[in-house]
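This note's numbering puts the first residue of the sequence shown at 51, with every later residue one more than the last.
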Amino acid sequence: MELFPELDLGWLNGWIFLALLSLTDGVCFLIFPKAVVKRLFDRSDWSQKQVVFTVIGKACALVCLFLLIFTPLKLGSAVLVIGAVVGALGLLGLAVALFNYRNTPFDQPVTQGLYRISRHPQIVMASAVLLGGGIAVGSWAVLATLAVARILNHFGILAEEEVCLQQYGDSYRAYLQRVPRYFVFF
């Protein structure tokens, strides 16, 4: 692992992780009903503060993505294997979480499948894919920008939970008490 990797555009770079993440999201969004996809991206009830922190978090995520695109994979190293395993588990979990979301009726909070062990498995699993990419390219800079982006993204997650509390009331409040935000912690 190195702090700042040597940047070089090539076929065997961290962009492969981004392509797989985009492919997983894209295929799911294409086959899901339009109403489900619209519900995934509804930010209409967020406060200005939550929107600002989320936008700043997305800017940090763009830096992370830029670094992944232009950083070669550490071929023949243990970090590549570890990163590939973490990334693959993240992709699998993301697909499962998206299908759990799709299969939940609109008038109910999503509490089935991976949502039984995390209130935000889509975010956690997408982060695992990016984490796997950061490990596979051996860059502390990628991991640091990902961490900052996800910390700032936390405010968007809080906004989603506020909206769900307003929409689903006591059933969602009970879910908040039963299930951790990010798997076994928080």
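Just so it is clear, CB atoms sit at the ideal spot from N, CA and C, and this is done for glycine as well.
Asked	Found
Backbone CA spacing between Gly188 and Lys124 [nearest angstrom]	6 Å
Beta-carbon proximity list for Val129, same chain, < 7 Å, skipping 5 on both sides	Met51, Ile185, Ala186 and Gly188
Rounded C-alpha distance that separates Leu202 from Gly107	5 Å
Cβ-based burial, Phe156 [other Cβ within 10 Å; buried from 16]	exposed
Range of the contiguous alpha helix (DSSP H) that encloses Met175	Pro171 to Val187
Identity of the residues DSSP links to Pro122 by a beta bridge	Asn63
Rounded distance between the beta-carbons of Ile173 and Ile207, thought under 8 Å	7 Å
Backbone secondary structure at Glu52 - three-state DSSP	strand
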